[in-house]
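Quick notes on the structure that follows.
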Amino acid sequence: MDRTQRCGRCNAGSTPTEGTFDMDNYIKKNVGWILIMVLAIIPVLRWFFVMPLNFRFANIALIATSLGQITGILGMILFALNLIIASKFKFIDRLFFGIPDALNIHSKIGAIGFCLILFHPILLVAKYFYFSIESMAMFFIPQGFDAVSFGIYALVLMILIMVLTLYIKLKYQVWLFSHRFLVLAFVFAVLHSFLIQSDISRDLFLRYYILGFSFFALALSLYNFLSDKIFFKALEYNIIRVQKLAENITQIELEPKYRALKFSPGQFVFVKFISDNLSSESHPFSISSNANNKNIELTIKGLGDFTKKIGNLKIGDKAFVKGPFGKFSFLEFPNKDQVWISGGIGITPFLSMARSLELGKTNQKVNLYYCVKNKSEAILLDELLQIEKNNKHFKVITWFSEEKGQITAEKIVELSNGFANKEIFLCGPVSFMDNLRLQFNKLGVKNINIHWEKFSF
Ligand SMILES: Cc1cc2nc3c(=O)[nH]c(=O)nc-3n(C[C@H](O)[C@H](O)[C@H](O)COP(=O)(O)OP(=O)(O)OC[C@H]3O[C@@H](n4cnc5c(N)ncnc54)[C@H](O)[C@@H]3O)c2cc1C
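Each residue of the sequence shown is one higher than the one before, starting from 0 at the first, in numbering that gives the first Met the number 0.
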């Protein structure tokens, strides 16, 4: 056994995750999931009391119908909750431990909801199987604008959008546009659920519960759409610096025109630039400046159509900044030592955190791993070393993969003396974070002590 392996094991034995259960952290990270489950289960529980169960489950055909009703109710409520999460409102950011985590849950409950909605008509028409396949198929042919037809329109629209999402690689803006049609599918689904004779139309509680969620979801979706398209509710800034740091990395400094944004180091914003040289799409970027500064700095790597043109921005161009969003901040865990691990451009939230270390209430010890291919890519190293010089609790560890290969969790355990009472922060390419997270898990570190910021939703 080599030295690293031995060290990895002995330190894994002293992680905070073994033997103790970090309840605070667990609740913080899972409250959104728990809430979704409770809200989804309430109407199903109610359904069980609307009619005697011996009637609902008397024979195979009734069992299929009952399961069809349950999948319909659950699918409908998950669909509504999904639209609520997608609205990316501030309360969603807080409930789900940040928008990226919320959107991750959004895609999971989207998939579950979609399957349920798919099974809903299949189970309901199963009873016609006794007669003929044709009579089952007839059920799926819309007849105009009646309750059943609205359900079919909703289903077809959902299937089309899901096929586009899952099987065709669309450009982000096209994908976003196609996703907006889900709201139309939801409108059809709402019309279907309230026009059709069912438990929802018979039982007041079910009716108002589902109606309430449906209207809330539609109102948030509408507001979100209008606020993006018409009154992009954001703070106005002017660009006062556009600086090329490397071939494909540009730093931009924004000065508030009126009010400055208040943010925690590590958080991100949606920015829309108004410039002759760049389209006015809104994109998410982590803030890389000190949270005490009124100006905002963004450090952007040219990866796609939009970001490759970011260097075309000019001093004096306008920017609208919406946010801040996210919980990826050392301030969330004030009493813990920390290990920050960045891969490539994933250094940006850590730059903000390093520049804002004085905001920490305690003398947390922080080890920052700056992982890039080679020294020429470590463009922010000089500043980070300067911060290290002025703060005895902050240590920068560079890792050049061209010299040493990919960094491993065991190596980090060795260099940072284990993980007892520490929180781990990861930001970098998805495969880099997934790999490290799994390696940490194998060493006994639980996911509730690992925090990651994905640079894609
Ligand atoms: C929370 C967060 C923080 C980020 N911080 C930084 C940062 O500090 N520095 C940096 O260089 N990059 C950052 N990014 C990534 C940056 O947003 C994307 O690189 C950029 O949006 C890509 O746009 P594109 O058109 O150039 O590339 P494309 O090739 O069109 O897109 C690449 C991927 O980026 C995502 N994306 C594209 N457009 C959008 C959009 N309008 N909204 C949301 N996601 C989109 C999609 O997942 C897409 O697959 C961050 C992303 C997120 C989610």
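C-beta: ideal position from N, C-alpha, C; glycine also.
Which of helix, strand or coil DSSP assigns to residue i
i	result
P466	With the chain covering 0 to 456 only, the question about residue 466 has no answer from this structure.
Q438	helix
A11	Confidence in A11 is poor, its pLDDT being 39 and thus under 50, which makes the residue's placement unreliable; the coordinate value appears in the next sentence. The answer is helix: DSSP assigns A11 an H, G or I state.
P428	coil
I447	helix
P323	strand
D336	strand
L205	helix
A290	coil
G109	helix
F118	helix
S200	helix
I314	coil
T3	Any answer about T3 is weak, because its pLDDT of 35 lies below 50 and its placement is not dependable; what the coordinates show is given next. T3 falls in the helix class under three-state DSSP.
G342	strand
F456	coil
K421	strand
F329	helix
Classification of residue i by the beta-carbon crowding that lies within 10 angstroms, buried from 16 upward
i	result
I69	buried
G150	buried
K261	exposed
G143	exposed
L203	exposed
G427	buried
D433	exposed
I209	buried
K441	exposed
F176	exposed
Q337	buried
K28	buried
R258	exposed
M189	Note that residue 189 corresponds to Val in the displayed sequence, not to Met. V189 is buried by the Cβ-count criterion.
L169	exposed
M352	buried
S134	exposed
D92	buried
L165	exposed
S415	buried
Limits of the unbroken alpha helix (DSSP H) element including residue i
i	result
T249	Here T249 belongs to no alpha helix (DSSP H); instead the beta strand (DSSP E) covers I248 to P255.
Q172	Y171 to L194
I167	Note, I167: premise wrong, no alpha helix (DSSP H); not H, not E.
Span of the beta strand (DSSP E), counted from its first residue to its last, around residue i
i	result
D275	It is not in any beta strand (DSSP E) - D275 carries neither H nor E in the DSSP assignment.
K300	I295 to K300
beta-carbon residue i near ligand 2 non-hydrogen atom, thresh 7 Å
i	result
P323	No copy of ligand 2 occurs in the structure displayed; its ligands are ligand 1 alone.
Mind the definition here: the stretch 300-307 touches the stretch 187-207 only if three or more C-beta pairs lie below 8 Å; say whether that holds. no
What beta strand (DSSP E) runs, 3 residues minimum, are completely inside the stretch 209-244? none
Extract the residue ranges of the alpha helix (DSSP H) inside the stretch 14-102, only unbroken runs of 4 or more that lie entirely within it. Fully enclosed alpha helix (DSSP H) runs of 4 or longer: 22-49, 52-55, 59-85 and 89-94.
Under 8 Å: do the stretch 259-275 and the stretch 327-337 share three or more Cβ pairs, one atom per stretch? yes
Segments of 4+ residues assigned as alpha helix (DSSP H) that fall wholly inside the stretch 346-409: 347-354, 380-389 and 400-403
Pairs of beta-carbons, one from the stretch 309-326 and one from the stretch 356-367, closer than 8 Å: are there three or more? By the Cβ test, the stretch 309-326 is not in contact with the stretch 356-367, since fewer than three Cβ pairs between them sit closer than 8 Å.
Hey, is the stretch 181-191 in contact with the stretch 79-88, meaning 3+ C-beta pairs nearer than 8 Å? yes
Could you give the uninterrupted runs of the alpha helix (DSSP H) lying entirely in the stretch 124-162, keeping only those of 4 residues or more? For the stretch 124-162, whole alpha helix (DSSP H) runs of length 4 or above, ordered along the chain, are 132-137.
Could you say if the stretch 119-137 and the stretch 344-351 meet the contact criterion of at least three C-beta pairs nearer than 8 Å? no
Report yes or no: do three or more beta-carbon pairs, one from the stretch 446-455 and one from the stretch 408-425, lie closer than 8 Å? yes
Does the stretch 304-318 come close enough to the stretch 272-280 to have 3 or more Cβ pairs within less than 8 Å? As far as the Cβ criterion goes, the stretch 304-318 touches the stretch 272-280, which means the pair count is three or higher.
With contact counted as at least three CB pairs below 8 Å, one residue from each stretch, are the stretch 407-417 and the stretch 284-298 in contact? no
If we count Cβ pairs, one from each stretch, closer than 8 Å, do we get three or more for the stretch 368-375 versus the stretch 390-401? yes
Pairs of beta-carbons, one from the stretch 215-224 and one from the stretch 44-64, closer than 8 Å: are there three or more? no
Does the stretch 99-116 touch the stretch 43-50, meaning 3 or more C-beta pairs lie closer than 8 Å? The stretch 43-50, when compared against the stretch 99-116, does not touch it at the 8 Å Cβ threshold.
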